[in-house]
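Peer 1: Have a look at this one.
Residue numbers (this note's numbering): 232 to 479.
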């Protein structure tokens, strides 16, 4: 089957209204944005189905049944595509977080953002592994930066400490999400071997030389990535609270 052209890849849904009458056609910019969104959706499916290595412009073209050269009309390069993927995940986080209630404490706002970040980032481990360290500069990220900074500003921190705690909060979340994503992206056999190391290796260490490890082995083998994540977020919030009190 011949490859679809960019024009053929568009649907005719935007050309007619629901009652079958002619509707205003999308502008060239709107049409391009629609095709970009379709490509991002396909990239999500591809990455989560085939993993990090599966996401290439060539494979994405095959997924969409278009020539890869068409994708380079939508994205300058693969890096621009990755930033678009990151923006999509940030929009998901914002959708989950919603509006900030007027009576909500700054700590609870940040807890909700952290929870939604975990849900989104762990739902898409391959995308997380590919994009967690990136700064998009896009509109979704701009909104999230403003939301988080506003929460820290409500704590009473001065700009310098507020920004330091903001960066610590964000980097802690993304780092732990990326760690979970990296483990989740392993082959099942490798992941099982890694996850059972505590019971296969550490639980069998001799008491002599490893008394504390043996004493704590049940806890070491049962602590979850989500528990670690929540504890880290609370540690950052507690540090911000102490800094705000000390400054006040």
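For every residue, glycine included, the Cβ atom is placed at its ideal position computed from N, Cα and C.
Verify whether the separation of the beta carbon atoms of residue 474 and residue 388 is less than 8 Å.
Peer 2: Closer than 8 Å, so yes.
Peer 1: Sorted by chain position, which residues of the same chain lie with C-beta nearer than 8 Å to residue 283's C-beta, five sequence neighbours on each side aside?
Peer 2: Hits under 8 Å: 357, 360, 361, 416.
Peer 1: Measure the C-alpha to C-alpha separation of residue 298 and residue 292 and round it to an integer number of angstroms.
Peer 2: Going from the Cα of residue 298 to the Cα of residue 292 covers about 6 Å.
Peer 1: So, is residue 334 buried or exposed, given that buried needs 16 or more other C-beta atoms within 10 angstroms?
Peer 2: Burial call: exposed.
Peer 1: Buried or exposed for residue 253, going by 16 or more other Cβ atoms inside 10 Å?
Peer 2: Confidence at residue 253 is low in this model, with a pLDDT of 46, below 50, so its placement is unreliable and no value can be given for it.
Peer 1: What would DSSP say about residue 454, mapped onto helix, strand or coil?
Peer 2: Residue 454 falls in the coil class under three-state DSSP.
Peer 1: Note down, in chain order, each residue of its chain lying with its Cβ closer than 7 Å to the Cβ of residue 471, except the 5 sequence neighbours on either side.
Peer 2: Around residue 471: 383, 386, 388, 396.
Peer 1: How is the alpha helix (DSSP H) around residue 423 delimited, first residue to last?
Peer 2: Note, residue 423: alpha helix (DSSP H), 419–426.
Peer 1: Of the choices 281, 277, 314, 312, whose alpha-carbon is the least far from that of residue 296?
Peer 2: Of 281, 277, 314, 312, the residue nearest in Cα terms is 277.
Peer 1: Just to confirm before moving on: does the CB-CB distance between residue 271 and residue 341 stay below 8 Å?
Peer 2: No; because the gap between Cβ atoms is not below 8 Å, this pair is not in contact.
Peer 1: According to DSSP, simplified to helix, strand and coil, what is residue 271?
Peer 2: Residue 271: helix per DSSP, three-state reduction.
Peer 1: Would you decide whether residue 318 is buried or exposed? Buried here means 16 or more other CB atoms lie within 10 Å of its CB.
Peer 2: When all chains shown are included, residue 318 counts as buried.
Peer 1: Using a Cβ-Cβ cut-off of 6 Å (strictly less than) and excluding sequence neighbours within five positions of residue 306, which residues of its own chain qualify?
Peer 2: Within the same chain, residue 306 has close Cβ partners 312.
Peer 1: Counting along the chain, where does the alpha helix (DSSP H) carrying residue 348 start and finish?
Peer 2: Where residue 348 is concerned, the enclosing alpha helix (DSSP H) stretches over 337–354.
Peer 1: Less than 8 Å between C-beta atoms, sequence neighbours within five positions excluded: which residues of the same chain meet that for residue 351?
Peer 2: Taken in chain order, the residues that qualify are 320, 323, 324, 327.
Peer 1: How many angstroms separate the CA atom of residue 338 from the CA atom of residue 430?
Peer 2: Each residue's alpha carbon lies about 37 Å from the other.
Peer 1: Where residue 267 and residue 303 are concerned, what is the direct C-alpha to C-alpha distance, given to the nearest angstrom?
Peer 2: For residue 267 and residue 303, the distance between alpha carbons rounds to 11 Å.
Peer 1: In terms of residues, what are the limits of the alpha helix (DSSP H) holding residue 406?
Peer 2: First-last of the alpha helix (DSSP H) with residue 406: 390–415.
Peer 1: Assuming residue 497 contacts residue 286 under a Cβ cut-off of 8 Å, what Cβ separation, rounded to an integer in Å, is found between them?
Peer 2: For residue 497 there is no data in the structure shown, the boundaries of the chain being 232 and 479.
Peer 1: Ignore the nearest five residues each way along the sequence and tell me which others in residue 412's own chain have a CB closer than 6 Å to its CB.
Peer 2: Same-chain partners within the cutoff: 356, 359, 360.
Peer 1: Less than 8 Å separating the beta-carbons of residue 365 and residue 314?
Peer 2: A contact, by the Cβ cut-off of 8 Å.
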